[in-house]
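Residue numbers (UniProt numbering): 1 to 985.
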DNA sequence: ATCCTCCCCTAC
DNA sequence: TAAGGTAGGGGAGGAT
Ligand SMILES: Nc1ccn([C@H]2C[C@H](O)[C@@H](COP(=O)(O)OP(=O)(O)OP(=O)(O)O)O2)c(=O)n1
Ligand SMILES: [Mg+2]
Ligand SMILES: [Mg+2]
């Protein structure tokens, strides 16, 4: 709990959650489309000889016109055909679309269709001819659509940055050399040898994650451990001595207990600071003796990042406004014109602090504003780990059916324990809490329920330092008034969608049928929601299964300037992953690289010191020939993947490497060398009665070599991982003056890019797969288990696998090979002139072009001139294949490629896509959608177009053509900025 | 139907 | 200053 804000962090742009919200709206629209289609019946043959193609915004919308054509015997061309389309329907005719039409193409306003139907005859087109550049501002959208989108965008309010602040921030003139200020470095050099360990040493989320993994391993190792359960034994004694112990459960009733430490980090921290008990305290990296505000760093734009928080909280939610922990909408009282509140996060705050509105994950600056008396204390990770170890030692002495939820939290299935002892569940909880208090000095709270969900919700009621039980019979009443967000597994996006459906509380959610929920959320999720809101949860308490992935990410402090630095960083990160694979005793076969890239419209300097700021992410992965733990192999792939992404180095803000398709190093059935040693081995014994009955030493494992068979073929794929959904065009959502500044910033960025010429480039990159012909063999295991050092130090250490080594250095040293990959950097851009695409761009998931446009327009001054009773109308958005949404247009692209994959693409179709995308750029300013459509197109081409003959070549050409055409418009509109686009191989 | 890939979402 | 990691559940949609 309290976890509301913490993952605002990851999406400080607010898009991730916007995604679900937007998606909900899109679904609604799609539904309306469907209904409309269902009603289509031919009522006349009025347009027998007419074939229309709708371009741009129209009223009625393209889909509605499509229906009308169907009803009146006409044809509707999703794609413009210069030979068979008789009429192009459009409300205006910007240069962008006019130039792609055949000469003398009739372009008429949509009213021509409507009026002709009214008159039941085809009217002359003259009065409806659209003049080039004529823009009809009096468009009206049709019923359902405008209301839907109009309602929805009221949540997206204008972020009213104060002009003076923003302009100061963005003013480049004040900061003569942005690049220098960046690399010279207040931010520690990303390439320092100790960067990774320094970062992880301080990252609470890293610890949280690794501890959970270790604890899950530990718990798993207990399953077959037939040692005594001291806690259980004590309860049995209790039950013998007391006749009152006859608690029973219904035949199939379970008894689940959830135990969670109170404000864990703070509680542990206060053990050594008893004088602070009773005062509001928070754990943060922000030094306690420095002010909660810092001097504004030049080049940053706190408002820019804060605006995302604003958007987030504008969306409907069952939460109070307060729950957005990092809503910084109210200007910090303590900040003055040249200071900004600290962006350091609070990992945990105690209940005294929470009464002032503080939440875990909140920024310290904001917290200090809410609670001026707040006392900051530093992290003490060793102490947390120690407390965690004690907690789990206690828990596992009661039952082996426990599930590690986190370092301060676990689920216990105490059904058997209750049945055996007859002890009241609440008594068990009291015992456990008491022992936790004794051993750790910290308070734990507990929840008891007939299932996991109710137990967890009960815990929240019990907190702090308490417990609560919800019985089967109380469940319905207990859950009724809870906001849906309180249901475990229902987060921000899901809650928003539910609220859209009218279900803010569980009681309201109960009124929605399973069928509707399943349709809306999918089968499993729909059923889960249906059950959860009734207090039903069938999940069992289980120890986690085999790990499916091992990864290392750093999305903080990444400020690189040269390709060598990137290369070095990737090697270091690969070594980290290699280490983790070794520790997990697995080998991996698929490498995935994830990068966060500064969005072109985000300031070069992030508001949060070292933060990733407003970014989009890209991932690209490659299936290796064989399983590996070799850091050189991983690094080589990572570099190769990075190269293929052509990322502008200075815009990198986050990098991650993930290994999947794991295979255990151990033979089946062999006991793993669990990390329990770390948790239990050194656990100090207390009294016999309170000592967890786990014999650590008995749970050891021998490494066993495993043959690795090479079966899979190497393959590369691209993941378009939308880290965030964003429903409004960034630029458009801003007031004009601020947008101009942003555009200036774009220019500056472009200029910087030209200066540095530091893109990764793929021009020299050659697939490494061919060199990977040998296999890991049994020898690899031995090497692996002995190679405790970093893999990258291999030059001085035994090779993990001589065969791997041999292959990776086949053409010289690995380093040399890597170096060669980057040899041409710097000039490649000029060489590859036709494609000026440097990067993929936007992420967004703006899944509803029309709505976005509408939101956009709402924020534009000119629309303030509309009549008062007229809400801003949504002009018909650009459409592709009749689709007006991002997902719809991507679908259209998919269909197109799928249909035509057997042959070369037709120019008409290509033009259609070009027109659509250009309109998105020129009219909607929806670069996110453009980017997504291009990504889809690229991926479809790569995956489904036949590789035989020249067909693939023509598709690649088509892609490049489309990209170039789009870039033309982007450059025109954004002063020579080039849209980042994933290059086609 | 079921599996696979590429995502989104959630939790601490 | 600040340390925004990481793994799993599952849905959409295509392949089999
Ligand atoms: N955004 C967050 C949330 C949690 N944590 C860490 C610090 C917490 O102390 C610990 C446990 O998380 P909980 O959700 O259990 O929160 P607390 O234990 O702090 O408070 P409580 O459980 O009493 O609500 O995880 C964190 O670093 N960042
Ligand atoms: Mg807790
Ligand atoms: Mg917890």
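Idealized CB from N, CA, C, for every residue including glycine.
- Roughly how many angstroms lie between the CA atoms of residue 967 and residue 893, to the nearest whole one? Along the first chain, one-based indexing puts residue 967 at 967. Along the first chain, one-based indexing puts residue 893 at 893. The straight-line gap separating the alpha-carbon atoms of residue 967 and residue 893 is approximately 19 Å.
- Does ligand 2 have a heavy atom nearer than 7 Å to the CB of residue 352? Along the first chain, read from residue 1 onward, the residue named residue 352 stands at position 352. Incorrect: residue 352 has no Cβ contact closer than 7 Å to ligand 2.
- Task: Scan the region 235-279 and note each continuous alpha helix (DSSP H) run of 4 residues or more that stays entirely inside, going in chain order.
- Result: Counting whole runs of 4 or more residues, the region 235-279 contains the alpha helix (DSSP H) stretches 264-271.
- Item | From 482, 663 and 555, residue whose alpha carbon lies closest to that of residue 547 | Along the first chain, one-based indexing puts residue 547 at 547. Selected option, being the one with the closest Cα: 663.
- Quick one: grab the DSSP three-state call for residue 659. Mapped onto the first chain, residue 659 falls at position 659. Look at residue 659 here: in three-state DSSP terms it is strand.
- What first and last residue would you give for the alpha helix (DSSP H) that runs through residue 450? Along the first chain, one-based indexing puts residue 450 at 450. Note, residue 450: premise wrong, no alpha helix (DSSP H); not H, not E.
- Task: Starting from the Cα of residue 450, find the closest Cα among 254, 66 and 458 and give me that residue.
- Result: The count along the first chain starts at 1 and reaches residue 450 at position 450. Residue 254 holds the alpha-carbon nearest to the alpha-carbon of residue 450 among 254, 66 and 458.
- With DSSP as the reference, label residue 358 as helix, strand or coil. Looking up residue 358 in the first chain gives position 358. Looking at residue 358 - three-state DSSP - the assignment turns out to be coil, as it is neither helix nor strand.
- Message: At 4 residues or longer, what runs of the alpha helix (DSSP H) sit wholly inside the region 566-647?
- Response: For the region 566-647, whole alpha helix (DSSP H) runs of length 4 or above, ordered along the chain, are 631-645.
- Can you give the beta carbon distance from residue 914 to residue 957, rounded, assuming they're within the 8 Å contact cut? Reading the first chain from its first residue, position 914 is the one you call residue 914. Reading the first chain from its first residue, position 957 is the one you call residue 957. Contact flag wrong, Cβ pair sits at about 13 Å.
- Message: At the level of alpha carbons, what is the spacing between residue 409 and residue 653?
- Response: Here residue 409 refers to the residue found at position 409 of the first chain. Here residue 653 refers to the residue found at position 653 of the first chain. The straight-line gap from Cα to Cα measures roughly 32 Å.
- Give the single residue among 383, 121, 367 and 281 whose Cα lies nearest to the Cα of residue 204. Mapped onto the first chain, residue 204 falls at position 204. For residue 204, the nearest C-alpha among the options comes from 383.
- Message: Using a Cβ distance threshold of 8 Å, determine whether the region 634-645 contacts the region 561-570, with at least three qualifying pairs required.
- Response: With a cut-off of 8 Å, the region 561-570 and the region 634-645 count as touching, because enough Cβ pairs lie within range.
- Please confirm if the region 613-620 is in contact with the region 580-597, defined as three or more CB-CB distances below 8 Å between the two stretches. Enough Cβ pairs lie closer than 8 Å, so yes.
- Item | Stretch pair the region 427-446 + the region 263-280: three plus CB contacts closer than 8 Å | Enough Cβ pairs lie closer than 8 Å, so yes.
- Identify whether residue 363 lies in helix, strand or coil by the three-state DSSP scheme. Residue numbering aside, residue 363 sits at position 363 when the first chain is read from its first letter. Three-state result, residue 363: strand.
- Message: Please list the terminal residues of the continuous beta strand (DSSP E) segment that includes residue 346.
- Response: Against the first chain, residue 346 aligns to sequence position 346. Where residue 346 is concerned, the enclosing beta strand (DSSP E) stretches over 346-349.
- Item | C-beta contact flag for residue 280 and residue 360 at 8 Å | The residue you call residue 280 lines up with position 280 of the first chain. The residue you call residue 360 lines up with position 360 of the first chain. Contact flag unset, no.
- Query: If we call anything under 8 Å between Cβ atoms a contact, is residue 588 one with residue 649?
  - Reply: For the purposes of this step, residue 588 is taken as residue 588 along the first chain, with counting starting at 1. For the purposes of this step, residue 649 is taken as residue 649 along the first chain, with counting starting at 1. No, they are not a contact pair.
- Query: So, is residue 734 buried or exposed, given that buried needs 16 or more other C-beta atoms within 10 angstroms?
  - Reply: Your numbering for residue 734 matches position 734 in the first chain. Because the pLDDT of residue 734 is 29, which lies under 50, any placement of that residue in the model is unreliable, and the question is left without a value.
- Query: residue 399 and residue 419: beta carbons closer than 8 Å?
  - Reply: Here residue 399 refers to the residue found at position 399 of the first chain. Here residue 419 refers to the residue found at position 419 of the first chain. Taking 8 Å as the Cβ cut-off, residue 399 and residue 419 do not qualify as a contacting pair.
- Whole-number beta carbon distance between residue 554 and residue 573, since they are thought to touch under 8 Å: The residue labelled residue 573 in the question sits at position 573 within the first chain. The residue labelled residue 554 in the question sits at position 554 within the first chain. About 7 Å separates the two Cβ atoms, so the contact holds.
- Message: Quick check on this structure: which residue in 87, 117 and 120 has the alpha carbon closest to the alpha carbon of residue 126?
- Response: What you label residue 126 is simply residue 126 of the first chain in a count that begins at 1. Comparing Cα-Cα distances from residue 126 to each of 87, 117 and 120, the minimum goes to 87.
- Query: For residue 510, does the three-state DSSP call read helix, strand or coil?
  - Reply: Residue numbering aside, residue 510 sits at position 510 when the first chain is read from its first letter. Correct three-state label for residue 510: coil.
- Alpha carbon of residue 252 to alpha carbon of residue 415, nearest angstrom: Taking the first residue of the first chain as position 1, residue 252 is located at position 252. Taking the first residue of the first chain as position 1, residue 415 is located at position 415. The C-alpha of residue 252 lies about 10 Å from the C-alpha of residue 415.
- State yes or no: is the C-beta of residue 903 within less than 8 Å of the C-beta of residue 951? Position 903 of the first chain, counted from the first residue, corresponds to residue 903. Position 951 of the first chain, counted from the first residue, corresponds to residue 951. Yes, the Cβ-Cβ distance between residue 903 and residue 951 is below 8 Å.
- Item | Proximity to residue 260 [Cα-Cα], best of 465, 509 and 488 | Position 260 of the first chain, counted from the start, is the residue given in the question as residue 260. Comparing C-alpha distances from residue 260 to each of 465, 509 and 488 shows the shortest one belongs to 465.
- For the region 484-493 and the region 520-540, state whether three or more C-beta atom pairs, one from each stretch, are separated by less than 8 Å. In short, these stretches touch, since the Cβ pair count reaches three.
- On the DSSP bridge assignment, give the partners of residue 654 in chain order. Counting from 1 along the first chain, the entry for residue 654 is found at position 654. Here residue 654 is bridged, per DSSP, to 596.
- For the beta strand (DSSP E) holding residue 966, just list the boundary residues, first then last. Along the first chain, one-based indexing puts residue 966 at 966. Membership of residue 966 in any beta strand (DSSP E) is not indicated; the residue belongs instead to the alpha helix (DSSP H) covering 951-973.
- Task: For the beta strand (DSSP E) holding residue 914, just list the boundary residues, first then last.
- Result: As a first step, residue 914 is located in the first chain; it is residue number 914 there, counting from the start. Residue 914: not part of any beta strand (DSSP E); member of the alpha helix (DSSP H) spanning 907-919, first to last residue.
- Straight-line CA distance for residue 953 to residue 479? For this step, residue 953 is matched to residue 953 along the first chain. For this step, residue 479 is matched to residue 479 along the first chain. Their backbone Cα atoms lie some 59 Å apart in a straight line.
- Item | Contact shell at 6 Å, judged by CB to any heavy atom of ligand 3, ordered along the chain | Here the residues come out as 260, 406, 408 and 409.
- Query: DSSP on residue 75, reduced to helix/strand/coil?
  - Reply: For the purposes of this step, residue 75 is taken as residue 75 along the first chain, with counting starting at 1. Here residue 75 carries a strand assignment [DSSP, helix/strand/coil].
- Message: Using the three-state DSSP reduction, which class does residue 430 fall into: helix, strand or coil?
- Response: Translated into positions along the first chain, residue 430 becomes position 430. Here residue 430 sits in helix by DSSP.
- Does DSSP put residue 549 in a helix, in a strand, or in coil? In the first chain, counting from the first residue as 1, residue 549 sits at position 549. Strand at residue 549.
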